Amino acid sequence: SPRAAALFPTSQRHLLATREDVAAAQKNKTSLIDNRPPEQFSGQKKHAKAARAGTIPGAVNIPQDKFFDAASGKFAGSSKVAALWNGQDVAEDAEQIAFCNTGHWASLGWFASYAVLGNSKARMYDGSMTQWTTDPNAPVQ
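The following block contains the structure:
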């Protein structure tokens, strides 16, 4: 059986992106990765808590369900994740910000980049589209 151990969690704010980071992403050549389903990315559907449909301009779509092997349910390995990134012309080691609606699916996108591909420059925008669309001046496409 497992032994008891002390855990001392620490905040790792460098792994998170703010609204300001996302707004600056295009100028900084940071890749924005939308981990929502294609119909939300395209604006055909929207999350109930998002004020507007669509995505953040310049984002590419890598839906979170692509990170799992359909037969086994296991998380995809590095070759599959790399193929997903390459299929969207995103360099595996590029500055990246993953987002979705509320941060849940984006956590999988961040994990795929940071842990599976080893990209220390991967971050997650936990406010995602529900926060982004509350600002009427924040662009969507």
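Residue numbers (the numbering used here): 540 to 680.
Yeah, the Cβ is synthetic: ideal placement off N, Cα and C, and Gly gets one too.
Everything numeric in this text was worked out from a predicted model, so none of it was measured.
- Note on Phe547: under 16 other CB atoms within 10 angstroms of its CB, so exposed under the neighbour-count rule.
- By the beta-carbon neighbour count (other beta carbons within 10 angstroms, threshold 16), Gly593 is buried.
- In this structure, DSSP gives Arg591 a state outside helix and strand, which the three-state scheme calls coil.
- Where Arg552 is concerned, there is no enclosing alpha helix (DSSP H), because DSSP gives it neither an H nor an E.
- Separation of Ser617 and Arg558 (C-alpha to C-alpha, rounded to the nearest whole angstrom) is 29 Å.
- Going by C-alpha positions, Lys588 is about 20 Å away from Asn600.
- For Gln680, the three-state secondary structure derived from DSSP is coil.
- Between the C-alpha atoms of Pro602 and Trp644 there is a straight-line separation of about 8 Å.
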